[in-house]
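> Taken in order, these protein sequences are the chains called A and B. Counting from 22, one number per residue, gives the positions in the first sequence under the numbering used here. Counting from 4, one number per residue, gives the positions in the second sequence under the numbering used here. Quick one: this structure, given as structure tokens, is what I'll be asking you about.
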Amino acid sequence: MDHTSTLEKLIRGVLITLVVIFFMFPIVWIFLMSFQTNESILRIPPSVVFTPTVENYVALVTGQMKTAAGSLQLNFMQNLWNSVLLSSASVVIALILGVPAAYAFARFKFRLGEDIAFTLLSFRFAPPLLVLLPLSLYFKTLGLTNTYVGLIWVYQLICLPLILWIVRGYFEDLSPDIEHAHRIAGYSWFQTFRKISIPLALPGIAAAGLLAFIFAWNNFVFALVLASADKQPVTVGALAFVTASGIQYGQIAAAIIFSIVPTFVLAMFAQRYLVEGLSLGAVKG
Amino acid sequence: MAELVLNAVDKIYRTKKKAVHAVKDFNLTVKSGEIVALLGSSGCGKTSTLRMIAGFEDVSNGTITLGGKPIHALPPSQRGVAMAFEAYSLYPPLTIGDNIAFALKAAKMPAAEQQARVKAMAEMLEIDGILNKYPSSVSGGQQQRASLGRALVRQAGLYLLDEPMGQLEPQLRAVLRGRIKHYLREHTCTTILVTHDQTEANALADRIAVMEGGVLQQFASPAELKARPANLFTGTFIGEPPMNIFDATVESNAKTVTFHVDGGTVLSYPASEFSAALLKQLVQNPKVTLGIRPYALHAGKGPITGKVVSCQWLGDQTHVAIEVGGRTVVSVAHERIREKPGSDLSLSVASGDLHIFNRDSQSAMAHGGILA
């Protein structure tokens with residue numbers, strides 16, 4: 022039932038367009054930049070009319086950056102792979118640890134339970150720089166500096182609290198009686214957790230996993246301090262474009278487009294999945 | 004089918020700040036094949052008791068045995084108990100039919116038998132038309148019946164029904180009550196029914212356990228509960244409209260027993276209408292509380308006088324509210340009474356209809372002139 026007048030529709034359309042333009046502009050601009058040379062990007066006044074070139078992308082893929090001062094080796098594809106590896110492994114481990122923990126915090130009352138949950142959340146309060154100095158000293162002693170294992174471990178500071186608290190909320194929203202009904206039908210606690218609780222909380226788990234992935238992907242300081250070039254993700258790798266002969270804007274833009282793609286695809290996929298999960302799991306009563 | 008025994012069961016909920024004693028020293032024996040209703044107001048401990056029997060709550064003290072086997076330490080899956088939940092708790096991704104068949108599947112029953120049972124159960128509950136639908140797309144009443152069917156279709160030692168018909172429309176409820184009672188009888192199902200609806204408890208249960216404040220007040224048949232309430236709480240809780248209550252002081256001699264009711268009314272009866280043992284008790288405890296059921300208060304000539312507050316004809320009975328000595332009492336008559344609000348009305352009550360309670364302990368002293 023639609024009772025909106027034509028004027029209302031018009032105003033709404035205009036407002037939505039304005040918002041979309043506002044938010045999409047930087048992305049579109051970067052997309053355009055990625056097909057331009059540094060000279061055409063930096064010309065004054067700027068213009069949207071240019072001769073497109075794919076040389077920025079070629080430079081990234083081949084690892085050969087040509088600047089005014091000569092040719093440079095690039096590690097970008099390695100950085101991209103590092104990002105994928107670090108973020109996915111961190112999220113997978115955080116899910117394995119966090120989902121059962123979230124269930125425990127949601128369902129069982131135990132001594133210091135709330136305090137432990139809050140302590141885990143408080144990892145997110147601390148500025149990363151505060152923990153980095155002691156952490157880098159420990160990592161040196163333990164031999165974890167510049168290893169994937171060490172970075173994935175540190176990334177748990179980002180992923181675990183997020184997953185724990187979001188998924189806990191989802192478990193708390195599930196009626197315990199649905200689990201009770203399953204248990205009284207002859208199933209053990211673990212079977213119920215696996216067959217009822219996790220499937221019903223799946224939209225929440227997916228959302229939490231997606232958010233954790235994005236946060237891990239966008240992390241900068243941990244990898245900057247704790248890893249060197251061959252283990253660093255794209256966020257740190259992008260620093261390579263600030264060269265002695267100037268900032269390579271075109272390649273930065275191409276790198277950004279490259280690094281947006283995985284999270285973008287994941288978000289699109291998860292969004293469809295979330296809607297599906299929610300419509301299936303409509304719990305009434 | 005098995006006998007259920009709760010022996011000195013306690014439930015204490017502990018939080019950081021306080022401990023709530025939800026169920027206190029609860030003793031109950033449900034015979035094999037018996038239908039027992041737990042009746043009480045919200046928060047009286049009836050649901051806690053049910054959840055302890057099902058295994059969703061730990062027992063703080065005491066034991067629970069089913070068929071002679073202690074079950075209070077077993078996980079719910081091993082207790083052999085079926086339960087219908089107040090909030091239905093159907094599995095959202097399964098159809099109504101699959102929900103009902105769920106436990107049968109878990110018990111690895113042959114598919115043909117599963118289908119036959121689910122179909123018969125659905126027909127009894129009048130939900131055979133929605134077996135292929137999902138819980139989210141059917142009404143609350145249909146979900147409730149599916150939840151009830153999911154419990155009843157199982158072969159269990161004990162059936163726990165938590166407010167199983169709360170969401171149904173009255174007409175359907177009356178029909179289903181009959182069918183469910185027949186079904187439970189036919190299969191000699193030991194059943195505990197939790198409800199706050201007296202009609203439902205009366206219609207379904209062999210015996211009713213009345214609970215209040217976590218304490219079992221009385222465990223008796225519906226008729227016994229009404230005729231011989233064990234204490235003031237049961238007396239006022241059972242019966243609709245509730246029992247009228249008067250504080251009175253008793254004066255008795257060889258010929259008459261006189262109740263001086265607070266507010267000025269005086270009720271006198273020949274001493275011969277009371278047993279000797281009761282008369283002796285009344286001399287020792289002259290401060291009593293009188294309970295009079297609304298249908299025992301007869302309009303017409305009598306010692307109780309007051310002003311009519313309201314007079315309602317309900318189609319088959321009249322409810323008259325009368326202001327007597329500063330309090331409102333209710334009288335129910337099966338004939339039509341026409342009284343205008345504000346008019347004077349006299350009421351009488353026979354000694355045989357008096358329930359006498361000890362005012363201090365609130366326990367029953369006598370019903371109808373005979374010691375309780």
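The C-beta atom is built at its ideal place from N, Cα and C for all residues, glycine as well. Since we're looking at a predicted model, the values are computed, not measured.
Mark phenylalanine 277(B) as exposed unless 16 or more other C-beta atoms lie within 10 angstroms of its C-beta, in which case mark it buried.
The residue is buried, with at least 16 neighbouring Cβ atoms inside 10 Å.
> To which residues of the same chain is lysine 19(B) closer than 8 Å at the C-beta, ignoring the five residues directly before and after it?
Result list for lysine 19(B): empty, nothing under 8 Å.
> Given a cut-off of 9 Å, decide if leucine 107(A) and threonine 166(A) are closer than it, judged by their beta-carbon atoms.
Not closer than 9 Å, so no.
> Go ahead and label serine 92(B) buried or exposed: buried means 16 or more other beta carbons lie within 10 angstroms of its beta carbon, across all protein chains shown.
So serine 92(B) ends up on the buried side.
> How many whole angstroms separate the CB atoms of leucine 7(B) and threonine 198(B), which I take to be in contact at a CB cut-off of 8 Å?
Contact flag wrong, Cβ pair sits at about 18 Å.
> Give a yes or no on whether the minimum CB-CB distance between alanine 206(B) and chain A is below 9 Å.
No, no contact with chain A.
> Just how far apart, CA to CA, sit tryptophan 238(A) and proline 254(A)?
Their Cα atoms are separated by approximately 8 Å.
> Shortest alpha-carbon distance to arginine 296(B) belongs to which of Phe240(B), Leu31(B), Lys304(B), Val23(B)?
Nearest of Phe240(B), Leu31(B), Lys304(B), Val23(B) to arginine 296(B), Cα basis: Phe240(B).
> Short of 6 Å in beta carbon distance, which residues of its chain neighbour glutamate 254(B), apart from the five on each side in sequence? Order them along the chain.
Within the same chain, glutamate 254(B) has close Cβ partners Thr261.
> Name, going along the chain, the residues of the stretch 192 to 223 of chain A whose beta-carbon falls closer than 8 Å to a beta-carbon of chain B.
Under the 8 Å Cβ criterion, the stretch 192 to 223 of chain A contributes Ser196, Pro197, Asp198, Ile199, His201, Ala202, His203, Arg204, Ile205, Ala206, Gly207, Tyr208, Ser209, Trp210, Ile217, Pro220, Leu221.
> Valine 175(A): buried (16+ other C-beta within 10 angstroms of its C-beta) or exposed?
It is buried - the Cβ of valine 175(A) has at least 16 other Cβ atoms within 10 Å.
> With a 10 Å radius around its C-beta and 16 neighbouring C-beta atoms as the bar for buried, classify asparagine 100(A) as buried or exposed.
The residue in question, asparagine 100(A), is buried, as its Cβ has 16 or more Cβ neighbours within 10 Å.
> Between the Cα of valine 113(A) and the Cα atoms of Lys87(A), Val40(A), Ile173(A), which residue gives the shortest distance?
Answer by Cα proximity: Ile173(A).
> Check whether chain A comes within 9 Å of leucine 151(B), counting only Cβ atoms and requiring the distance to be less than that.
Taking Cβ atoms only, chain A never reaches closer than 9 Å to leucine 151(B), which makes this a no.
> Is the shortest distance between the beta-carbon of arginine 157(B) and the beta-carbons of chain A less than 9 Å?
Yes, arginine 157(B) lies at the interface with chain A (some Cβ there is under 9 Å from its Cβ).
> Applying a beta-carbon distance threshold of less than 8 Å, which residues of chain A neighbour methionine 86(B)?
Within chain A, the residues near methionine 86(B) are His201, Ala202, Ile205.
> Here's the rule: buried if 16 or more other CB atoms are within 10 angstroms of the residue's CB, otherwise exposed. What is asparagine 247(B)?
When all chains shown are included, asparagine 247(B) counts as buried.
> For lysine 343(B), is the classification buried or exposed, using 16 other Cβ atoms within 10 angstroms of its Cβ as the cut-off for buried?
With fewer than 16 other Cβ atoms within 10 Å, it is exposed.
> Hey, would you say isoleucine 381(B) sits closer than 9 Å to aspartate 209(B), going by beta carbons?
Since the first residue shown for chain B is 4 and the last is 375, residue 381(B) is missing from the structure and cannot be characterised.
> On the three-pair Cβ rule with 8 Å, is the stretch 268 to 282 of chain A touching the stretch 44 to 63 of chain A?
Verdict: yes, contact present.
> CA-CA distance, threonine 194(B) and alanine 223(B)?
Going from the Cα of threonine 194(B) to the Cα of alanine 223(B) covers about 15 Å.
> What would DSSP say about glycine 345(B), mapped onto helix, strand or coil?
It is coil, neither helix nor strand.
> In its own chain, which residues sit with a C-beta less than 7 Å from the C-beta of threonine 268(B), not counting the 5 before and 5 after it?
Excluding residues within five positions, the ones whose Cβ falls inside 7 Å are Pro306, Ile307, Val327, Gly328.
> Looking at C-beta atoms only, is the number of pairs between the stretch 136 to 149 of chain A and the stretch 205 to 220 of chain A that lie closer than 8 Å three or more?
No, the stretch 136 to 149 of chain A is not in contact with the stretch 205 to 220 of chain A.
> Please list the partners that phenylalanine 105(B) has in chain A, where partner means a Cβ-to-Cβ separation under 9 Å.
Going along chain A in sequence order, the residues near phenylalanine 105(B) (Cβ under 9 Å) are Ala202, His203, Ala206.
> For the beta strand (DSSP E) containing aspartate 265(B), list its first residue and its last residue.
Counting along the chain, aspartate 265(B) falls outside any beta strand (DSSP E), and DSSP gives it neither H nor E.
> Contact check, glutamine 320(B) vs alanine 336(B) under 8 Å by CB: the rounded distance?
Sure, about 7 Å apart at Cβ, within 8 Å.
> Taking Cβ-Cβ distances shorter than 8 Å, what residues in chain A pair up with tyrosine 94(B)?
Neighbours of tyrosine 94(B) on chain A, chain order: Ile199, Ala202, His203, Ile217.
> Is it right to say arginine 189(A) is buried, meaning 16 or more other beta carbons lie within 10 angstroms of its own, or is it exposed?
Counting Cβ neighbours within 10 Å, arginine 189(A) comes out buried, since at least 16 surround it.
> Roughly how many whole angstroms lie between the Cα atoms of aspartate 200(B) and glycine 345(B)?
Roughly 34 Å separates the two Cα atoms.
> Could you tell me which of Pro289(B), Val286(B), Gln221(B), Thr331(B) sits nearest to glycine 309(B), measuring between CA atoms?
Checked all of Pro289(B), Val286(B), Gln221(B), Thr331(B); the closest Cα to glycine 309(B) is Thr331(B).
> For arginine 148(B), decide whether its Cβ has a neighbour in chain A, counting only Cβ atoms nearer than 9 Å.
Answer no: the Cβ-Cβ gap between arginine 148(B) and chain A never drops below 9 Å.
> Do the stretch 108 to 120 of chain B and the stretch 71 to 78 of chain B touch if we need at least three Cβ pairs shorter than 8 Å?
With a cut-off of 8 Å, the stretch 71 to 78 of chain B and the stretch 108 to 120 of chain B do not count as touching, because too few Cβ pairs lie within range.
> CB-CB under 7 Å to alanine 317(A), same chain, minus the five flanking residues each way: which ones, in chain order?
Given that chain A is displayed from residue 22 to residue 306, the structure contains no residue 317(A) and the question cannot be resolved.
> Can you tell me the Cα-Cα spacing of asparagine 288(B) and alanine 230(B), whole angstroms?
Spanning the two alpha carbons is a distance of roughly 22 Å.
> Could you give the first and the last residue of the continuous beta strand (DSSP E) run that contains threonine 252(B)?
Here the beta strand (DSSP E) through threonine 252(B) covers 247 to 255.
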